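Step one of this worksheet: look at the structure below.
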Amino acid sequence: MSDAWALRLLRWSYCAFIAWASAQVFITGEGQHEPLAPWLAGIEIAAIAAFLFDRLQVAAAAALLIVYAVAAAATTLQGEPPLRFLFYAATAAYILVAHRRLTTANAAPALLA
0 MSDAWALRLL
10 RWSYCAFIAW
20 ASAQVFITGE
30 GQHEPLAPWL
40 AGIEIAAIAA
50 FLFDRLQVAA
60 AAALLIVYAV
70 AAAATTLQGE
80 PPLRFLFYAA
90 TAAYILVAHR
100 RLTTANAAPA
110 LLA
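Numbering of the sequence shown is given in numbering that gives the first Met the number 0, commencing with residue 0 and proceeding in unit increments.
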């Protein structure tokens, strides 16, 4: 498997998982003790859909990181560890950085020709 396909698989599986988890919160109203949860889930669904597209991924990643920061703060205030949101944020950042490096590495020979 090439690096590009491995990264593509990671991005799509990450987006599918986040979309599914966010849809559960948005549809069921899970997290009723936190009134921000459905709003954050709605924003997260829109951002994760945008994260699938190369041209939108930087803005989408920024939106996702903001959502994860707010969710982590709310979770911490409720006395729970925010580790899952740190993992989600780290994964989004990794996908973004790896994609930029892979794109730059693939474009470099064309620039030299």
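Glycine residues also receive a C-beta, built at the ideal position from the N, C-alpha and C atoms. Treat the numbers as computed from the prediction; the structure is a model and nothing was measured.
Residue span of the alpha helix (DSSP H) that contains residue i, given as start and end
i, result
"Q77", "Unbroken run through Q77: none, as it is neither H nor E."
"L8", "2-27"
Reduced DSSP category for residue i - H, G, I as helix; E, B as strand; rest coil
i, result
"F50", "helix"
"P37", "helix"
"L85", "helix"
Cβ neighbour criterion (16 or more within 10 Å) applied to residue i
i, result
"Y93", "exposed"
"S21", "buried"
"R100", "exposed"
"L82", "exposed"
"A46", "buried"
"H98", "buried"
"L95", "buried"
"E43", "buried"
"L85", "exposed"
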